[in-house]
Amino acid sequence: MIEFTNWDILRNLLLAARWTIALSLTAFIGGTIVGLLLTAMRLSGRRPLQWLVRGYVELFQGTPLLMQLFLVFFGLSLLGFDISAWAAAAFALTFFTSAFLTEIWRGCIDTLPRGQWEASRCLGLNFKQTLSRVILPQAVRVALAPTVGFSVQVVKGTALASIIGFVELTKAGTMLNNATFEPFKIFAMVALIYFALCYPLSLASQRLEKKFNGSR
Amino acid sequence: MALVNIDQVHKYYGDLHVLKGIDLKIDAGEVVSIIGRSGSGKSTLLRCMNGLEAYQHGGIVVDNKEVSSDEKQVRLLARSVGMVFQSFNLFPHLTVGENIMLAPKLVLKLSSKEARALAEDKLDKVGLAEKIDEYPDCLSGGQQQRVAIARALAMSPKVLLCDEITSALDPELVGEVLRVLEQLASEGMTLVLVTHEMNFARDVGDRVVFMHMGKVWESGPAKEVFENPTTPELKSFINAVL
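Top line first, the protein sequences correspond to chains A and B.
Per the working numbering, residue 878 is the first one in the first sequence, and the count goes up by one each step.
Per the working numbering, residue 657 is the first one in the second sequence, and the count goes up by one each step.
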């Protein structure tokens, strides 16, 4: 058995945490882009597109993230695509994030009074102009806090990628434990690192909520 | 041809028959007040005139343009028909000036400078020139509604539809909005108002249309309608509100 000092453990966990951060950022940025596309589709007023978006959102909200990971990872290999654990995790988390963000943003856009759409229509603005100049600037203010708040779920969601063998924070913790047999110490450290990542995000979310609550 | 031609218009909300064969012609320069109890269909009729609401039978032609709720047609109509709402519907994230300049810039393709001049001119008309750089939530309800009127006027509409535009205002703020309307009327603007301001309808309006159960129940020159209502429904309505 190899001897690990506390510093060795922490150093390795922190190195692995870089992958947790990378995966979170990828999923969040990818999820934002896909979510924006889905939101635009939903607002387009075209029925088939709206159904598609609704089906997508329901599918990813109604199934465990772990199953989504398995389906992407094992499903794509079955279809003959050689997909790495990193790519599978990035895709699955992107889908997951986009579905939830689409739903969060739907709520934010729906809180805007219908009169904003009607006034824009009566002034001759087209759909794109109404969305970009009237609806989105207002919706973004409302959406910022819950969106940042949801990013916490994304960070924690990346832990599941350990199960398909992607070496991020949780997987590194498991591996270190297998070598040292000090589960409490190691997983306490893992938890603390997750907390250090998530706490600033939820703090930012609370600040944003205060800032934009009730102001223009 | 009249500016607004409404011909046998029927509208349903599901099984509910809200407009039952409306005929109405409005000439350029006329001030027409649509009055009636809530649920009589007056706001719905107004919202059909610029395509905000679809209708199922009949036809509406405004300024020689067929009215439909088709997205393109609504945009085309926006150049002829302006609308002011009960709840103002100003854009809260934009200043007063930006509220007014938005559509002239995007739809009429005016330069920023031209749009700004236009906004100043229209704000001056409603007596709020000094508020151009304020945000709507710094203004009183009456001021916000006057900005909404200026915003509609900036598109130089042929007819201005006003949907109960004083109903959400504190009583002491109603007068300033009505004075703006009175001035517009005296300048020859065509106004169609759904209103509960009976004094305004009688004194400033040319014509009054009384709606009841989805029909034009009675209509005629404003003073005559108020002095000699012929139907019992209008008599009881006038007694209730005056």
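Ideal Cβ placement from N, Cα and C applies to all residues, glycine included.
Please read these numbers as outputs of a predicted model, since none were measured by experiment.
Using only alpha-carbon positions, find the residue among A:Gly952, A:Ala1049, A:Phe937 that is nearest to Leu887 (chain A).
A:Ala1049
Just the C-alpha distance for Lys1005 (chain A) and Asp663 (chain B), rounded to the nearest angstrom, thanks.
One C-alpha to the other measures close to 33 Å.
Distance cutoff 9 Å, beta carbons only. Does Leu762 (chain B) sit that close to anything in chain A?
yes
Am I right that Phe1043 (chain A) and Trp963 (chain A) are in contact with their C-beta atoms under 8 Å? What's the rounded C-beta distance?
6 Å
For Phe744 (chain B), which of A:Thr971, A:Arg991, A:Val949 has the nearest alpha-carbon?
A:Arg991
By how many angstroms is the C-alpha of Cys1075 (chain A) removed from the C-alpha of Val1029 (chain A)?
5 Å
Taking the alpha-carbon positions, what's the Thr979 (chain A) to Met811 (chain B) distance?
35 Å
Against chain C, does Phe882 (chain B) count as a neighbour if the rule is that its beta carbon must be under 9 Å from one of theirs?
In the structure shown, chain C does not exist; the protein chains are A and B.
Relative to the C-alpha of Phe856 (chain B), which candidate in B:His868, B:Ala841, B:Met867 has its C-alpha closest?
B:Ala841
Would you kindly report the start and end of the unbroken beta strand (DSSP E) that includes Gln664 (chain B)?
660 to 669
Tell me which same chain residues have a C-beta within less than 6 Å of the C-beta of Val881 (chain B), skipping the five on either side of it?
Val864
Using only alpha-carbon positions, find the residue among B:Val872, B:Cys794, B:Tyr791 that is nearest to Leu702 (chain B).
Restricting attention to B:Val872, B:Cys794, B:Tyr791, the CA atom closest to the CA of Leu702 (chain B) is found in B:Val872.
Of the residues B:Val782, B:Glu790, B:Asp789, B:Ile756, which one's Cα is nearest the Cα of Leu774 (chain B)?
B:Ile756
Given a threshold of 16 other Cβ atoms within 10 Å of its Cβ, counted over all protein chains shown, does Ser1092 (chain A) qualify as buried or as exposed?
Residue placement at Ser1092 (chain A) cannot be trusted, given a pLDDT of 49 that sits under 50; the coordinates are not used to answer.
Establish whether the CB of Val1011 (chain A) and some CB of chain B are separated by less than 9 Å.
yes
For the alpha helix (DSSP H) that contains Gly1001 (chain A), what are its first and last residues?
In the DSSP assignment, Gly1001 (chain A) falls outside any alpha helix (DSSP H), carrying neither H nor E.
Are the CB atoms of Thr851 (chain B) and Glu790 (chain B) within a distance shorter than 9 Å?
no
Where does His713 (chain B) land, buried or exposed, given buried means 16+ other C-beta within 10 angstroms?
exposed
Over the uninterrupted beta strand (DSSP E) stretch that includes Ser921 (chain A), give me the two end residues.
No beta strand (DSSP E) holds Ser921 (chain A); DSSP gives it neither H nor E.
Whose Cβ in chain A lies nearer than 8 Å to the Cβ of Leu708 (chain B)?
Ordered by position in chain A, the residues that pass the 8 Å Cβ test against Leu708 (chain B) are Glu995, Arg998, Cys999.
Could you tell me the alpha carbon to alpha carbon distance between Ile788 (chain B) and Arg924 (chain A), rounded to whole angstroms?
41 Å
Counting only runs that start and end within the stretch 830 to 864 of chain B, where is the alpha helix (DSSP H) found for 4 or more residues in a row?
854 to 859
Roughly how many angstroms separate the alpha carbons of Leu766 (chain B) and Leu1002 (chain A), rounded to a whole number?
14 Å
Can you look up Lys814 (chain B) in the DSSP assignment and give me helix, strand or coil?
Here DSSP, grouped into helix, strand and coil, assigns Lys814 (chain B) to coil.
CA-CA distance, Ser1009 (chain A) and Val1019 (chain A)?
15 Å
What is the rounded straight-line gap between the Cα of Ser736 (chain B) and the Cα of Asn895 (chain B)?
36 Å
Strictly below 7 Å CB to CB, what residues from chain B border Gln1006 (chain A)?
What Gln1006 (chain A) touches in chain B: Leu762.
Ignoring anything shorter than 4 residues, give me the alpha helix (DSSP H) runs that lie fully in the stretch 751 to 836 of chain B, in order along the chain.
752 to 762, 768 to 781, 797 to 809, all fully within the stretch 751 to 836 of chain B.
Skipping 5 residues on each side, what residues in its chain have a beta carbon closer than 6 Å to that of Asn809 (chain B)?
In the sequence as displayed, the identity of residue 809 (chain B) is Leu instead of Asn. Contacts found: Lys778.
Name the chain B residues whose beta carbon is nearer than 9 Å to that of Pro1014 (chain A)?
Phe747, His749, Leu750
Alpha carbon to alpha carbon, how far is Glu883 (chain B) from Gly870 (chain B)?
Approximately 23 Å between the Cα atoms of the pair.
With DSSP as the reference, identify every bridge partner of Ser875 (chain B), one or two as the case may be.
B:Val865
So what's Val687 (chain B) in DSSP terms, helix, strand or just coil?
strand
Taking 8 Å as the limit between beta carbons, can you name the residues of its chain near Lys814 (chain B), skipping five residues before and five after?
Leu659, Ala684, Val718, Asp719, Ser736, Val737, Thr846
So who's on the other strand from Ile1063 (chain A), going by DSSP bridges?
When DSSP reads this structure, Ile1063 (chain A) sits in no beta bridge, so it has no partner.
In chain B, which residues lie less than 7 Å from Asn1003 (chain A) when you measure between Cβ atoms?
The contacting residues are Arg731.
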